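For reference, the structure is listed below as structure tokens.
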Amino acid sequence: SWGNTLTAVSEQLIPCDKKNIKIVQLNGGIAKNIIPTKGELIIQNFSENYNATGYILPVPSFVDNSGIAKAIKQDSKINEVFELM
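In my numbering, the protein residues as written are 166 to 250.
Pasting the structure below:
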């Protein structure tokens, strides 16, 4: 989902022109981590390789309680990504 392995994979893809492809990030970031997860770069690399539309999930993977998670999911832009999942 994050990190060096998927980044390396995304940088070694063989270009392939596809039609109507959506690449969707399945989990958010790590809020307290100072090391970047490279999630956006991974989505960008896959999207560019397959001529696809990429969708990132710009939220933390972990929140303090279910109320916060519910509120986040009610945002129209976030909900759109969850619907694509």
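Even glycine gets a Cβ: it sits at the ideal position worked out from N, Cα and C.
Predicted, not measured: the structure shown is a model, and the values here were computed from it.
Cα-Cα separation, residue i to residue j
i	j	result
I221	L249	11 Å
S212	S241	22 Å
D182	Q190	20 Å
Reduced DSSP category for residue i - H, G, I as helix; E, B as strand; rest coil
i	result
I207	helix
K184	coil
T218	strand
Short Cβ contact (7 Å threshold) for residue i with residue j
i	j	result
L178	N230	no
I233	G219	no
I188	A217	yes
Residue closest to residue i, alpha-carbon to alpha-carbon, out of the options
i	options	result
V224	K184, N244 and N185	N244
K203	K235, V228, T170 and P180	T170
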